[in-house]
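Colleague:
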Amino acid sequence: MTENDFVAPEEVSYPDSGTVAWKAPSNIALVKYWGKLPNQIPANPSISFTLDACATRTILEFQKLEKPGDQFSFEFFFEGKPKPDFIPKLNVFFERVAPYLPFLRQFHFKIDSLNSFPHSSGIASSASGMAALSLCLLEIERQLNPEMDALYFEQKSSFLARLGSGSACRSIAGDLIQWGKTPSIDKSTDLYGIRYPFEVHRDFKNYHDTILLVHKGQKMVSSTEGHGLMQGHPFAGQRFQQAHKNLERLQEVFGIGDLEEFIKIVESEALTLHAMMMTSQPYFVLMLPNTLEIIQRIWQFRKETGIPLCFTLDAGANVHVLYPQSVKERCIQFIQDELVAYCENGHYICDRIGQGARRMFPQPNT
Ligand code: DP6
786 MTENDFVAPE EVSYPDSGTV AWKAPSNIAL VKYWGKLPNQ IPANPSISFT
836 LDACATRTIL EFQKLEKPGD QFSFEFFFEG KPKPDFIPKL NVFFERVAPY
886 LPFLRQFHFK IDSLNSFPHS SGIASSASGM AALSLCLLEI ERQLNPEMDA
936 LYFEQKSSFL ARLGSGSACR SIAGDLIQWG KTPSIDKSTD LYGIRYPFEV
986 HRDFKNYHDT ILLVHKGQKM VSSTEGHGLM QGHPFAGQRF QQAHKNLERL
1036 QEVFGIGDLE EFIKIVESEA LTLHAMMMTS QPYFVLMLPN TLEIIQRIWQ
1086 FRKETGIPLC FTLDAGANVH VLYPQSVKER CIQFIQDELV AYCENGHYIC
1136 DRIGQGARRM FPQPNT
């Protein structure tokens, strides 16, 4: 597939108006995407678990414009209220996807989004938000072209989502999604996320992710700025190589269900991500004292009990605690007894691996 495969045919018979709605989940990267080239091309490959509970629901109403202009015509509501600060980001997104959705300038859009996770949880909603919006826009194209096959729909919605936010391309399907060209995975591509094509042991089919909300406010440095700082970063080359290598290592780990090796790769990826932040120019630190307290407690608990629980981090202070279903009760108990004290207002979110986005309207099979 190339970019050209995603250009929609020019169509004359658009409906005058309509409504579509999709719900898309968040995802948590195991091998991290950090650094990018122009056009939202990742500097290194990544892989993530698709989540379930943390999701964005978007309703998109569209109405044909009497006089289409050069500008995009849309309004954005978040949790029922107009949200003007999102308009510039959405304009950039519309500009980037317009070559692939030629109808965009012919309609007025009302975008209405809602997150299932608390508004100020410090959890990035760009992945689930951009995925839900991309699915809605592509749903309009599908209404004009009902023959569009399911795989193409999945690939193109991931392709569009990537143009909004890189990690969003991993928020379309479930349950393990890989993005970025890498030699060990034949069908891998920089253009969209693919379902992990190799065997995955059942221990990795029911993973849990308990998200400890260490800090719920705005981050000091955005992901987009952080990616930019990988340009000219003294360790960038080695880091990008390491990501390829870790994906290759994961193939056996997933196949045989090697939890010990899985933990080594995932925790090292999280710490490497933050090491890149601490060694960029300008340097910055997103972990907080409580992030480190939690990490220490996790290591101690694992050493004492042998329970395969581990952590990963996003570009922020919150800690994602990962563990398989078989040890769920023990892990939840440990989290409540020892880790919740380090969360802001004791808040945390229980999530788990999910199966990907779902169409809400028109309802499936109607
Ligand atoms: C640390 O996808 O938020 O979560 O492409 O600029 O929107 P943009 O960046 P974004 O970066 C996510 C970075 C990460 C790692 C990951 O999810 O792979």
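In terms of my numbering, the sequence shown has 1125 at position 340, counting the first letter as 1, and numbering is strictly consecutive.
Even glycine gets a Cβ: it sits at the ideal position worked out from N, Cα and C.
Is W1084 near ligand 1, in the sense that its beta carbon is under 7 Å from a heavy atom of that ligand?
Modeller: W1084: no, Cβ never under 7 Å from ligand 1.
Colleague: Which whole-angstrom value describes the C-beta separation of F857 and L889, a residue pair presumed to lie in contact below a C-beta threshold of 8 Å?
Modeller: Indeed they touch by this definition, with Cβ atoms about 6 Å apart.
Colleague: Got a sec: does ligand 1 put a non-hydrogen atom nearer than 7 Å to the Cβ of A1102?
Modeller: No, since every heavy atom of ligand 1 falls outside the 7 Å radius drawn around the Cβ of A1102.
Colleague: May I ask whether a heavy atom of ligand 1 can be found less than 7 Å away from the beta carbon of T1009?
Modeller: Yes, the Cβ of T1009 comes within 7 Å of a heavy atom of ligand 1.
Colleague: Counting Cβ pairs, one atom from each stretch, are 3 or more of them under 8 Å apart for the stretch 1009-1028 and the stretch 1051-1067?
Modeller: Yes, since at least three Cβ pairs between the stretch 1009-1028 and the stretch 1051-1067 fall closer than 8 Å, the two stretches touch.
Colleague: Using only the alpha-carbon positions, how far apart do A883 and N812 sit?
Modeller: C-alpha separation (whole angstroms): 26 Å.
Colleague: Count the other C-beta atoms from every protein chain shown that fall within 10 angstroms of the C-beta of G951, then say buried if there are 16 or more, exposed otherwise.
Modeller: By the neighbour-count rule (16 or more Cβ atoms within 10 Å), G951 is buried.
Colleague: Starting from G1157, follow the beta strand (DSSP E) in both directions and report where the run begins and ends.
Modeller: Since the first and last residues shown for the chain are 786 and 1151, residue 1157 lies out of range.
Colleague: Start and end of the beta strand (DSSP E) containing T1076?
Modeller: From DSSP, T1076 is part of no beta strand (DSSP E) but of the alpha helix (DSSP H) over P1074 to T1090.
Colleague: Do the stretch 838-852 and the stretch 885-903 make contact, defined as three or more Cβ pairs closer than 8 Å?
Modeller: The stretch 838-852 is in contact with the stretch 885-903.
Colleague: Which one of L899, K852 and A840 has the shortest CA to CA distance from P867?
Modeller: Closest option to P867, Cα to Cα, is L899.
Colleague: Measuring straight from C-alpha to C-alpha, what distance separates G1042 and T804?
Modeller: Cα-Cα distance, rounded: 44 Å.
Colleague: Tell whether a beta-carbon distance below 8 Å holds between A814 and M1015.
Modeller: No, they are not a contact pair.
Colleague: Taking CB distances under 8 Å as the criterion, tell me whether N1103 reaches chain B.
Modeller: Included in the structure is just one protein chain, with no chain B present.
Colleague: Return the residue from the list R1024, P968 and Y885 that minimises the CA-CA distance to P794.
Modeller: Ranking R1024, P968 and Y885 by Cα distance to P794 puts Y885 first.
Colleague: Using CA atoms only, rank isn't needed, just tell me which of Q1026, R955 and M933 is closest to I1138.
Modeller: With distances taken between Cα atoms, I1138 lies closest to R955.
Colleague: Could you give the DSSP three-state label for K808: helix, strand or coil?
Modeller: Looking at K808 - three-state DSSP - the assignment turns out to be strand.
Colleague: Run through the stretch 808-874 for me and flag every whole alpha helix (DSSP H) of 4 or more residues, listed as ranges in chain order.
Modeller: With a minimum length of 4 residues, no continuous alpha helix (DSSP H) run stays inside the stretch 808-874.
Colleague: What number of angstroms, rounded off, separates the C-alpha of V1038 from the C-alpha of P968?
Modeller: C-alpha separation (whole angstroms): 17 Å.
Colleague: Under the three-state reduction of DSSP, which class applies to F1025: helix, strand or coil?
Modeller: F1025: helix per DSSP, three-state reduction.
Colleague: With a threshold of 16 other CB atoms inside 10 Å of the CB of P935, please say whether the residue is buried or exposed.
Modeller: It is worth fixing the name first, because residue 935 is Ala in this sequence and not Pro. Answer is exposed; the Cβ neighbour count stays below 16.
Colleague: Report the rounded CA-to-CA distance for S798 versus L929, giving the unit in angstroms.
Modeller: If I take the Cα positions, the gap works out to 8 Å.
Colleague: Just to check, is the beta-carbon of G1042 closer than 7 Å to a non-hydrogen atom of ligand 1?
Modeller: Every heavy atom of ligand 1 is 7 Å or more from the Cβ of G1042, so no.
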